[in-house]
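**Q** Before anything else, here's the structure in question.
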C-alpha cells in the first residue's frame, strides 16, 4: 500500500469511516464482559494515528469529557490519519468511581505493557496496549489529581526524547514536568517503544471542570494541526513556558504537624520565597505551624482536604526562573493569568461551588 493511501485500522475501520463500539478487555465475577467504549475516526487521507486515552484511573473524569467532545467534533473528511479515542480505559474503577481496579486496588497505569497471562490489571493493560496503543504513532493520556488534591493544568513528558518534546510543546501547556515517567505507566512504555506519548494533568477527580476541558480541546487541536492530522486546525503557543527537568528543583512540601489546614496562598499559584502557603493549627488554636515557600515557584498540586497528619503532602512546588516569574507577574497585572482557574475561581477549588 502506498504511503499516500489511508490505512485501514486493525479493528475493521475503513478509510473514510467513523465507528463507535465497545471492546472486551476482561470479565466480571459473573462472567459478563468488561468492555471499554471506543471511537475510531479513520480519515479519508493518509496521516499519523493518534491515540487518546482517559480514565486510566477510574475517578479522573475531565479527560472523559475531553474525549467525548473530540469524538463528536472531528469527521473522517476532516482527518488525515486516524483518531483512536479510548473513552474509559479503567471501566471497573469508573463504575465504582475509584482510582484503582476495585477489590485488589491494582493500578492500571502501572501495569503496561501488560501480560496476556497475569493479574487482572496486566491482562487489561495488555489488551489495550496491543489492540490500540501499539498501532498508533502518538499518544495523549488525560489525567487529573487523585482524591483530596488538585493539580494545575500541565503536561508530563520525557523531554530527552525529541519527538516527545515536540508533542509536549505543541500541546501548549505553560508548565511541562520532564521525566521518563513511572515504570509501567502508559506514557513511559509507549514512548520507550516508539509511540511518543504525554500525560496531561488537569484539575480534580470526580467532576468536570469546563475551563480546563476547553483548554485541553485547544491543545488537542494544536497537536492535530502540527502533525498534519487536522490541516484546518491552529497550532497554538503559550505566552510563556517553563520546562522542569528531572534535575531541576520541584518539591512536595509536607506537614510536620497534624491539625486543621488553612490555605493562605492565591488566588494565583505563583508564590514567592518566604510567603505563607498554609497554616496548620490544633483544634484549640493553641499551636500553629506555618508552611512557607522555600523558593519562588508555582504550586502545581495542592491538598484540598482541610486536615493533615505529619507527612501529608501539602503542595507540589516547582522553581521558576526570574524571566518566567516576570512574565507571569505581567499577565497577572493585565488580568490574563487565568490558566488555573475555572469560572474565575481558584483552581485549588476554595469556594468552587459553581461546579
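Numbering (UniProt numbering), first residue to last: 1 to 355.
Idealized CB from N, CA, C, for every residue including glycine.
1) Mind checking who residue 27 pairs with in its DSSP beta bridge?
2) Give me the Cα-Cα distance between residue 87 and residue 59, rounded to the nearest whole angstrom.
3) Could you tell me the alpha carbon to alpha carbon distance between residue 54 and residue 61, rounded to whole angstroms?
4) Does the Cβ-Cβ distance between residue 207 and residue 135 come in under 8 Å?
5) Tell me, to the nearest whole angstrom, how far the beta carbon of residue 146 is from that of residue 205; I am working on the premise that it is less than 8 Å.
6) Rounded to whole angstroms, what is the Cα-Cα separation between residue 259 and residue 317?
7) Hey, out of 288, 31, 109 and 74, whose CA is closest to residue 185's CA?
8) Reducing DSSP to helix, strand and coil, say where residue 198 ends up.
9) Can you tell me where the beta strand (DSSP E) with residue 241 in it begins and where it stops?
10) Taking the alpha helix (DSSP H) that residue 153 belongs to, which residues open and close that run?
11) Taking Cβ to Cβ, would you say residue 27 is nearer than 8 Å to residue 38?
12) Taking the alpha-carbon positions, what's the residue 360 to residue 98 distance?
13) Using only the alpha-carbon positions, how far apart do residue 369 and residue 181 sit?
14) Identify which residue in 301, 269 and 261 has its Cα closest to the Cα of residue 282.
15) Would you tell me roughly how many angstroms separate the C-alpha atoms of residue 95 and residue 160, rounded to the nearest one?
16) Of the residues 18, 311, 210 and 170, which one's Cα is nearest the Cα of residue 254?
17) Since residue 80 is in the beta strand (DSSP E), which residue starts that stretch and which ends it?
18) Report the option in 277, 67, 241 and 72 whose CA atom is closest to the CA atom of residue 176.
19) Buried or exposed: residue 122, going by 16 or more other Cβ atoms within 10 Å of its Cβ?
20) Between the region 189–200 and the region 125–140, are three or more C-beta pairs nearer than 8 Å?
21) With a cut-off of 8 Å, do at least 3 Cβ pairs link the region 62–82 to the region 223–234?
22) Cutting at 6 Å between CB atoms, please list the residues of its own chain near residue 116, excluding the five before and the five after it.
23) Label residue 286 either buried or exposed according to how many other C-beta atoms from any shown protein chain fall within 10 Å of its C-beta, with 16 as the threshold for buried.
24) With C-beta atoms as the reference, is residue 179 less than 8 Å away from residue 246?
25) Where does residue 115 sit, in a helix, a strand or coil, going by DSSP?
26) Compare the C-alpha of residue 257 against each of 290, 169 and 190 and name the closest.
27) Taking residue 250 as part of the beta strand (DSSP E), name the residues at either end of that continuous run.
28) With distances taken between CB atoms, is the gap from residue 301 to residue 319 smaller than 8 Å?
**A** With the given structure in hand:
1) Along the chain shown, one-based indexing puts residue 27 at 27. Answer is 33.
2) Mapped onto the chain shown, residue 87 falls at position 87. Mapped onto the chain shown, residue 59 falls at position 59. Cα to Cα, residue 87 sits roughly 13 Å from residue 59.
3) Sequence index remark: in the chain shown, residue 54 carries index 54 (1-based). Sequence index remark: in the chain shown, residue 61 carries index 61 (1-based). If you take the alpha carbons of residue 54 and residue 61, they lie about 8 Å apart.
4) Your numbering for residue 207 matches position 207 in the chain shown. Your numbering for residue 135 matches position 135 in the chain shown. Not closer than 8 Å, so no.
5) Here residue 146 is taken as the residue at index 146 of the chain shown, counted from 1. Here residue 205 is taken as the residue at index 205 of the chain shown, counted from 1. With 8 Å as the limit, residue 146 and residue 205 qualify as a contact, their Cβ atoms being about 6 Å apart.
6) Taking the chain shown and counting its residues from 1, the one referred to as residue 259 is at position 259. Taking the chain shown and counting its residues from 1, the one referred to as residue 317 is at position 317. Taking the straight line from one Cα to the other gives about 21 Å.
7) Sequence index remark: in the chain shown, residue 185 carries index 185 (1-based). Of 288, 31, 109 and 74, the residue nearest in Cα terms is 109.
8) As a working note, residue 198 is residue 198 in the chain shown. In this structure, residue 198 counts as strand in the three-state DSSP scheme.
9) What you label residue 241 is simply residue 241 of the chain shown in a count that begins at 1. That residue, residue 241, is in no beta strand (DSSP E); it is neither H nor E in DSSP.
10) The sequence position of residue 153 within the chain shown is 153, counting from 1. Where residue 153 is concerned, there is no enclosing alpha helix (DSSP H), although the beta strand (DSSP E) it sits in stretches over 149–157.
11) Numbered from its first residue, the chain shown carries residue 27 at position 27. Numbered from its first residue, the chain shown carries residue 38 at position 38. It is not a contact, given that the beta carbons lie outside the stated cut-off.
12) Outside the displayed range of the chain (1 to 355) lies residue 360, so it cannot be described from this structure.
13) Absent from the model: residue 369. The displayed extent of the chain is 1 to 355, so no value can be given.
14) Within the chain shown, residue 282 is the residue found at index 282, counting from 1. The residue with the shortest Cα to Cα distance from residue 282 is 261.
15) Counting from 1 along the chain shown, the entry for residue 95 is found at position 95. Counting from 1 along the chain shown, the entry for residue 160 is found at position 160. The straight-line gap from Cα to Cα measures roughly 37 Å.
16) Within the chain shown, numbered from 1, the residue matching residue 254 stands at position 254. Ranking 18, 311, 210 and 170 by Cα distance to residue 254 puts 311 first.
17) Start at 1 with the first residue of the chain shown, and residue 80 comes out as number 80. Run containing residue 80: 80–86, per the beta strand (DSSP E) assignment.
18) The sequence position of residue 176 within the chain shown is 176, counting from 1. Considering only alpha carbons, the answer is 241.
19) Translated into positions along the chain shown, residue 122 becomes position 122. By the 10 Å Cβ count, residue 122 comes out buried.
20) yes
21) Yes, the region 62–82 touches the region 223–234.
22) Locating residue 116 in the chain shown gives position 116, where the first residue counts as 1. Closer than 6 Å at Cβ, skipping near neighbours: 126.
23) Position 286 of the chain shown, counted from the start, is the residue given in the question as residue 286. Exposed is the call here.
24) For this step, residue 179 is matched to residue 179 along the chain shown. For this step, residue 246 is matched to residue 246 along the chain shown. For residue 179 and residue 246, yes; Cβs fall inside 8 Å.
25) Here residue 115 refers to the residue found at position 115 of the chain shown. Coil at residue 115, not helix or strand.
26) The residue given as residue 257 occupies position 257 in the chain shown. For residue 257, the nearest C-alpha among the options comes from 290.
27) Here residue 250 is taken as the residue at index 250 of the chain shown, counted from 1. Here the beta strand (DSSP E) through residue 250 covers 250–254.
28) Counting from 1 along the chain shown, the entry for residue 301 is found at position 301. Counting from 1 along the chain shown, the entry for residue 319 is found at position 319. For residue 301 and residue 319, no; Cβs fall outside 8 Å.
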